[in-house]
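In case it helps, full-length UniProt numbering puts the sequence shown at residues 1 to 116.
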Amino acid sequence: MTSTITVVAHITADPSSVAEVHSALLIAVEATQSEHGCLHYRLFENMDTQGHWTMLELWQNDDALTQHTLGEAFKNLSAAIDGKASVQVYRLAPAASAVQVESVVNPNFWLGNGLP
């Protein structure tokens, strides 16, 4: 049985390259969303700090993610932001207690003043 792969990438542009990195990220999003096995690929911009983004990705399986990293969109993005941004990538799996937590957490906690 194959399971989906969740990836979170944090991108921080050098101050002099914010516009260029942002443009490259938008191009990558458009190109990647049509890749085989891509279930979700979305860019979020930090509302408080210019030049900081988070990419949320969901892949059908590990093979789809591997093919993405070998594809043109990934290579083009890597080349476009090389030396202009730092990137931290995390492959994530559900925590063992995730089902229990979801059943007891009040979703409104995360809205407004409930944030830690």
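From the three backbone atoms N, C-alpha and C, an ideal C-beta is built for every residue, glycine too.
Sequence-distant residues of the same chain with beta carbon closer than 7 Å to residue i, five excluded per side
i	result
residue 50	18
Unbroken beta strand (DSSP E) run spanning residue i, endpoints
i	result
residue 88	85-92
residue 10	5-13
Identity of the residue in the options nearest residue i by Cα
i	options	result
residue 24	47, 63, 53	53
residue 64	28, 46, 40	40
residue 73	22, 27, 9	27
residue 30	15, 78, 43, 91	43
residue 55	90, 14, 67, 94	90
Proximal residues to residue i (C-beta, below 6 Å), its chain only, five neighbours per side dropped
i	result
residue 11	53, 85, 87
residue 113	For residue 113, the predicted structure reports a pLDDT of 47, less than 50, and the residue's modelled location is therefore unreliable. The matter cannot be settled from this model.
residue 46	52
Span of the alpha helix (DSSP H) around residue i
i	result
residue 68	62-70
residue 32	18-32
In DSSP terms, what residue i is bridged to
i	result
residue 43	55
residue 79	Looking at the DSSP assignment, residue 79 forms no beta bridge with any residue, so it has no partner.
Three CB pairs or more closer than 8 Å across the segment 5-15 and the segment 55-74:
Put simply, the segment 5-15 touches the segment 55-74. At least three CB pairs are less than 8 Å apart.
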